[in-house]
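This report refers to the structure that appears directly beneath it.
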Amino acid sequence: MPPASVSATNKPLPALLFTALVMAALFALYFNTASSIVALWNSSETFAHGYVILPISLWLIWRRRANFLVYPPRPFWPALLALALAGAAWLVARMGEVQVVMQYAFATMLPLAALAMFGLALARSLAFPLLFVLFAVPFGEVFIDPLISFTADFTVWCLHVIGMPVLRNGTHFEIPSGSWSVVEACSGVRYLISSITLGCLYGYLTYRTWGRRLLFVGLSIVVPVIANGLRAFMIVMIGHYSGMTLAVGVDHLIYGWLFFGLVMLLMFWIGGYWHQDQPDPVAAPAVAGQPAVQQASAKSHATLAGAVIALAALWPAWAAWSDGANHNPHAPGLALDLPLPPAAPFTRWEPRYTPPDASLARLLQADGGPVAVHMLFYRNQRNDKALITSSNGLTGEKDPYHTVDAERRNEQIAGRQFAVREAHISGPDGDLLVWHWLRVGSHATANNYEGKLWQAWRKLSVQGDDGAAIMVATPLQPKNAEAARTVLRNFLQGQLPAIDAAYDSASRK
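In my numbering, the protein residues as written are 236 to 744.
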C-alpha cells in the first residue's frame, strides 16, 4: 500500500531530539563497551574502518531524510521487548567477559532504540542505514586460523601445480630458495572484512533488487579469499625469482594491498554493469481532502524515551552489583603435590596467556617419559586478565614455538570421559604433544564457549569467577604421536585427582 500523503504540518524535530537524547544515554550507560570498540579500532588496522561506519550510517539516513515526512515518527512500544533481549544478552556476555557479544548487543541497541522512537514504518524504510552500524563492531578474529590454513593450502597447491618442490610443516613451508610462513598478517582477514563492508554498501547503493544485492555480497566474500591465496602465491614467486631480496619484508604487505585494491576495483567495475538506476518511490505531496499522517505528540515521545533509557540502565546496574557480590579479595594459592621425581629440563616452552593470579609449572618424570605441567589460575577476571580470551594461546605469533596442528579428543581418564584439546607444538628444542583443558568451578571443559557459559552462570548465581587453564606436555617423536599420547594418558590416570585437588584448594580460598 503506498504511503500516505505528506502533510506540511508534520514536524519530526521533537521526535528526533528525543531520539538523539536516547542515543546519547545509550553511549553514556555503555561507555566502557563503546570504548572497547574504539580501542580495537585504534589497536588493529584490521578494524580501523570502524571510524567511518557511523558517519556513513548518518549520511545514508540523511539521503533519505524525506522519509521522516512520508512516515512521521511514532512511538513503537513493542520494540522495548527486543531492547530487553539485547540488554539481557549484554548482561550474560558481561558476566562471561565475552567482549564481542557485549559489543554486538550494544550496537544492536542503537537500531532497536531507533525502531522504538521512529515507529515500524519509518524504521523499515531506513533499515539498511540503521543496521549498517553493526559493521562498526570489530569482528573477524574467529576467521583468522581457518583463513591461515586455507592460504597455506592454496599457496602450496599452486606451488605443486607449477612443479616446485615444497616441504611443509603446518603453516610453515620451504622451497629451494628459502622458508616461508603464513601468519596472521597473511591470513587475508583484513581484505575479507573490508570487502564485505564495501560489498554490502556498494550493493545497497547500486542495486534495488535483493537478488542482485545478495549476489554481489556473496562475491565480496568469495573473491577476497581467493585473491588472498593468489596474493600469497605471487609474493612467494616474487621472493623466489628475486633471490629472496624482494617481497620478504614490509614491501610484501604493500604489494598485497596494491593487488587487493586492483581486485576490488575490478569487482566494482564489473558489478557496475548491472547497476539499477531507478530511484526509490517518492511520496506525492498532500492532496486537498486526503488525510495526512499525523505526527505523534512530543509527550508520547518523551514518555517512550524515558522508558527506553530506564530499561537500558537496568543491565549496567545489575552488572555493577554482580561485580561487587562476586569479588573475592583473597589471593589464591596453588600447591601441587605429586609423588613423582623431577625430570631433567627438556623444553623451555610456556603457554602465552594473560598474567594469571597464581600459576605453577613442574617438570616431572612419569612412566614412559617426562611430562611438563602448567596451571594458570584466574580470579576477579577482567579484559586484561582473563582465562578465556583471544589473546591467550599455547604459542605467540613471534614465539620461537609454533602450533603445527590441533584437535579435540575424548579420553577415558580416571574412570570418566575426559575432553582435552591436543596440540602439536614445534620449537627449537624439539616437538611437544600438549593436552590442555579448562576448569571453571567444578566443571572441566575443552570448549571455550562452554567455559564462557559456565563463567556467566557462576557470576549470575553469585559463585565467583574462579577458573584455570591446565596443560600437560611431553616430547613428541616424528610420526609417533600415539606413544606421546600414552605417556600423557598414563600420567593423568594417576595424577588427575591431585591436579583437580590443587585447583579445588585454591578455589576455596
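Positions of the beta carbon are idealized from the N, C-alpha and C atoms, including for glycine.
### Task
Given a cut-off of 8 Å, decide if residue 733 and residue 668 are closer than it, judged by their beta-carbon atoms.
Along the sequence shown, read from residue 1 onward, the residue named residue 668 stands at position 433. Along the sequence shown, read from residue 1 onward, the residue named residue 733 stands at position 498. No.
### Query
Is it buried or exposed for residue 302, if we count other Cβ within 10 angstroms and need 16 for buried?
As a first step, residue 302 is located in the sequence shown; it is residue number 67 there, counting from the start. Residue 302 is buried by the Cβ-count criterion.
### Rounded C-alpha distance that separates residue 265 from residue 554
Looking up residue 265 in the sequence shown gives position 30. Looking up residue 554 in the sequence shown gives position 319. Each residue's Cα considered, the two are about 11 Å apart.
### Beta-carbon gap between residue 710 and residue 581 smaller than 8 Å
Residue 710 sits at position 475 when you count from the first residue of the sequence shown. Residue 581 sits at position 346 when you count from the first residue of the sequence shown. Cβ distance < 8 Å, so residue 710 and residue 581 count as in contact.
### Option nearest residue 633 by Cα separation, candidates 338, 576, 420 and 738
Translated into the one-based positions of the sequence shown, residue 633 becomes position 398. Cα-wise, what sits closest to residue 633 is 420.
### Task
Mind checking who residue 611 pairs with in its DSSP beta bridge?
Locating residue 611 in the sequence shown gives position 376, where the first residue counts as 1. DSSP, once it has assigned bridges, lists 594 and 704 as partnering residue 611.
### Message
Rounded to whole angstroms, what is the Cα-Cα separation between residue 416 and residue 666?
### Response
Numbered from its first residue, the sequence shown carries residue 416 at position 181. Numbered from its first residue, the sequence shown carries residue 666 at position 431. Cα to Cα, residue 416 sits roughly 18 Å from residue 666.
### Task
Report yes or no: do three or more beta-carbon pairs, one from the region 289–302 and one from the region 375–386, lie closer than 8 Å?
no
### Query
How long is the line joining the alpha carbons of residue 719 and residue 320, rounded to whole angstroms?
Numbered from 1 along the sequence shown, position 484 holds the residue referred to as residue 719. Numbered from 1 along the sequence shown, position 85 holds the residue referred to as residue 320. Going from the Cα of residue 719 to the Cα of residue 320 covers about 48 Å.
### Query
Apart from the five residues just before and just after residue 567, which ones in its own chain have a Cβ nearer than 8 Å to its Cβ?
Walking along the sequence shown from the start, residue 567 turns up at place 332. Hits under 8 Å: 592, 593, 612, 614, 701, 741, 742 and 744.
### Message
Please report the straight-line C-alpha distance between residue 344 and residue 571, rounded to a whole angstrom.
### Response
Here residue 344 refers to the residue found at position 109 when the sequence shown is read from its first residue. Here residue 571 refers to the residue found at position 336 when the sequence shown is read from its first residue. Near 47 Å, if we compare the C-alpha coordinates of residue 571 and residue 344.
#### Entry: Three-state secondary structure assigned by DSSP to residue 541
Walking along the sequence shown from the start, residue 541 turns up at place 306. Here residue 541 sits in helix by DSSP.
### Message
In this structure, how does DSSP classify residue 507 when only helix, strand and coil are distinguished?
### Response
Residue 507 sits at position 272 when you count from the first residue of the sequence shown. In the structure shown, residue 507 sits in a helix (DSSP, three-state: H, G or I).
### Query
By a C-beta neighbour count over all protein chains shown, 10 Å radius and 16 as the cutoff for buried, is residue 332 buried or exposed?
Position 97 of the sequence shown, counted from the first residue, corresponds to residue 332. Classification of residue 332: buried, given that the 10 Å Cβ count is 16 or more.
### Query
Rounded to a whole number of angstroms, what is the C-alpha to C-alpha distance between residue 335 and residue 626?
Residue 335 sits at position 100 when you count from the first residue of the sequence shown. Residue 626 sits at position 391 when you count from the first residue of the sequence shown. Taking the straight line joining both Cα atoms gives about 13 Å.
### Query
What alpha helix (DSSP H) runs, 4 residues minimum, are completely inside the region 244–282?
248–264 and 266–278
### Query
How many Å lie between residue 437 and residue 723 at the Cα?
On the sequence shown, residue 437 is found 202 positions in, with the first residue counted as 1. On the sequence shown, residue 723 is found 488 positions in, with the first residue counted as 1. Straight-line Cα distance between these residues: approximately 54 Å.
### Message
Between the alpha carbons of residue 236 and residue 354, how many angstroms are there, rounded?
### Response
By 1-based counting over the sequence shown, the position of residue 236 is 1. By 1-based counting over the sequence shown, the position of residue 354 is 119. At residue 236 the pLDDT is 40, less than 50, meaning the model places this residue with poor confidence; the figure from the coordinates comes in the next sentence. About 17 Å.
#### Entry: Segments of 4+ residues assigned as alpha helix (DSSP H) that fall wholly inside the region 638–710
683–695
### Query
If you draw a straight line from the alpha carbon of residue 654 to that of residue 680, how long is it in whole angstroms?
Taking the sequence shown and counting its residues from 1, the one referred to as residue 654 is at position 419. Taking the sequence shown and counting its residues from 1, the one referred to as residue 680 is at position 445. If I take the Cα positions, the gap works out to 6 Å.
### Query
Quick one, are the C-beta atoms of residue 586 and residue 629 less than 8 Å apart?
Within the sequence shown, residue 586 is the residue found at index 351, counting from 1. Within the sequence shown, residue 629 is the residue found at index 394, counting from 1. In this structure, residue 629 lies closer than 8 Å to residue 586 by Cβ.
### Task
Just the C-alpha distance for residue 675 and residue 338, rounded to the nearest angstrom, thanks.
Position 440 of the sequence shown, counting from 1, holds the residue named residue 675. Position 103 of the sequence shown, counting from 1, holds the residue named residue 338. Roughly 24 Å between the two C-alpha positions.
#### Entry: residue 717 in three-state terms, based on DSSP
Walking along the sequence shown from the start, residue 717 turns up at place 482. Helix.
### Task
State buried or exposed for residue 341, treating a residue as buried only when at least 16 other CB atoms are found within 10 Å of its CB.
Along the sequence shown, one-based indexing puts residue 341 at 106. Under this definition residue 341 is a buried residue.
### Task
Please check the pair residue 660 and residue 638, which I expect to be a contact at CB under 8 Å, by giving their CB distance rounded to whole angstroms.
Here residue 660 is taken as the residue at index 425 of the sequence shown, counted from 1. Here residue 638 is taken as the residue at index 403 of the sequence shown, counted from 1. Contact holds; Cβ gap of about 6 Å.
### Bounding residues of the alpha helix (DSSP H) (the contiguous stretch that carries residue 745)
Outside the shown range of the chain (236 to 744) lies residue 745, about which nothing can therefore be said.
### Query
Quick one: what's got a C-beta closer than 8 Å to residue 683's C-beta in the same chain, skipping five residues either side?
The count along the sequence shown starts at 1 and reaches residue 683 at position 448. Excluding positions up to five away in sequence, the list reads 623 and 673.
### Query
Can you name the residues that DSSP bridges to residue 416?
Residue numbering aside, residue 416 sits at position 181 when the sequence shown is read from its first letter. 407, per the DSSP bridge assignment.
### Reduced DSSP secondary structure (H/G/I, E/B, other) of residue 604
For the purposes of this step, residue 604 is taken as residue 369 along the sequence shown, with counting starting at 1. In the structure shown, residue 604 sits in a strand (DSSP, three-state: E or B).
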